[in-house]
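What follows is a single structure, written as structure tokens, with notes after it.
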Amino acid sequence: KAGVTQTPRYLIKTRGQQVTLSCSPISGHRSVSWYQQTPGQGLQFLFEYFSETQRNKGNFPGRFSGRQFSNSRSEMNVSTLELGDSALYLCASRPTGTASETQYFGPGTRLLVL
Amino acid sequence: AQSVTQPDIHITVSEGASLELRCNYSYGATPYLFWYVQSPGQGLQLLLKYFSGDTLVQGIKGFEAEFKRSQSSFNLRKPSVHWSDAAEYFCAVGAQGAAGNKLTFGGGTRVLVKP
Chain A
241 KAGVTQTPRY
251 LIKTRGQQVT
261 LSCSPISGHR
271 SVSWYQQTPG
281 QGLQFLFEYF
291 SETQRNKGNF
301 PGRFSGRQFS
311 NSRSEMNVST
321 LELGDSALYL
331 CASRPTGTAS
341 ETQYFGPGTR
351 LLVL
Chain B
54 AQSVTQPDIH
64 ITVSEGASLE
74 LRCNYSYGAT
84 PYLFWYVQSP
94 GQGLQLLLKY
104 FSGDTLVQGI
114 KGFEAEFKRS
124 QSSFNLRKPS
134 VHWSDAAEYF
144 CAVGAQGAAG
154 NKLTFGGGTR
164 VLVKP
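Protein chains in written order, with the numbering used here: chain A, 241 to 354; chain B, 54 to 168.
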């Protein structure tokens with residue numbers, strides 16, 4: 241099976257702009273989670289989607305949002321970008337989203353905000 | 054709420070030497086524990102996981118980890134390190150229920166391998 245894919249891999253934006261990142265999960269996986277990785281804060285959970293519904297959300301401002309489509313592909317959007325949003329954004333998928341299932345990570349999208 | 058601590062930020066080890074990475078977790082119930090590895094510019098790859106049963110878990114690339122409930126630890130070991138093991142290693146705990154089905158990660162341990 242193909243792994244988790246994320247597009248684009250690299251992105252440069254300026255403050256105030258918005259950005260949309262895309263994630264295609266492993267075929268058959270219905271749960272998609274997003275994480276932000278920064279040198280200062282480490283890996284932090286953003287949100288999880290399952291069957292097009294947000295099931296859990298981390299402690300991030302409302303500028304961070306996401307959605308999931310009927311084919312389980314997911315997008316996350318960050319509006320009004322700030323310098324501190326520069327990070328590696330990782331997407332992970334698993335079959336149903338139970339805690340015991342392994343999360344399979346994509347290569348990430350590296351976002352640089354200038 | 055669950056939390057994970059990896060006390061060592063950096064570890065330098067000689068090629069061929071043994072490696073042990075420490076992980077301590079805090080979680081009220083039986084935890085689901087994971088070790089992931091991240092090479093520069095890459096995503097996370099699962100090394101091994103523990104849910105229940107045998108407390109010594111074998112993983113890929115010759116890694117193993119031991120779950121010790123009394124010490125709230127899940128340390129990762131490898132008997133003989135190869136240069137390709139240079140990477141960052143993350144311990145994570147998975148929680149279910151009110152905490153949500155998410156992973157909480159430790160801060161990571163960066164491993165450098167000396168020739």
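Glycine included, each C-beta is placed from N, C-alpha and C at the ideal position.
- Within the same chain, GLN308 come within 6 Å of A:GLU292 by CB-CB distance, once the 5 residues on both sides are set aside.
- Just measuring C-alpha positions, the residue of A:VAL272, A:MET316, A:LEU323, A:SER273 sitting nearest A:PRO248 is A:MET316.
- Contact of B:ALA148 with chain A by beta-carbon distance below 7 Å involves ALA339.
- Going by DSSP, B:ILE113 is part of no beta strand (DSSP E) at all; its letter is neither H nor E.
- Residues of chain B whose Cβ lies closer than 8 Å to the Cβ of A:GLY348 are, in chain order, GLN95, GLY96.
- The beta-carbon of A:SER273 is placed less than 8 Å from the nearest beta-carbon of chain B.
- Under the 8 Å criterion on CB atoms, B:PHE120 is classed as non-interfacial with respect to chain A.
- Apart from the 5 residues on each side of it in sequence, B:ALA139 sits with its Cβ closer than 7 Å to the Cβ of VAL164, LEU165, VAL166 in its chain, given in chain order.
- For a cut-off of 8 Å, the C-beta gap from B:LEU74 to B:LEU129 is around 4 Å, short enough to register as a contact.
- Your pair B:TYR85 and A:SER340 checks out as a contact, with CB atoms roughly 5 Å apart and the cut at 8 Å.
- Just so you know, the alpha carbons of A:THR338 and A:GLY268 end up roughly 15 Å apart.
- Minimum Cα-Cα distance from B:LYS121 among the listed residues B:SER56, B:PRO60, B:CYS76 corresponds to B:CYS76.
- Interface criterion met: the Cβ of A:GLN343 is under 8 Å from a Cβ in chain B.
- Sequence-ordered contacts of the stretch 258-289 of chain A with chain B read SER273, GLY282, LEU283, PHE285, GLU288 [C-beta pairs closer than 7 Å].
- Counting only Cβ-Cβ distances below 8 Å, B:LYS155 has contacts in chain A at SER273, PHE285, GLU288, ASN296, GLY298, in chain order.
- As the crow flies, the alpha-carbon of A:ARG255 is around 12 Å from that of A:LEU351.
- Within the model, the alpha-carbon separation for B:THR162 versus A:TYR250 is close to 25 Å.
- For A:LYS253, DSSP records a beta bridge to A:VAL353.
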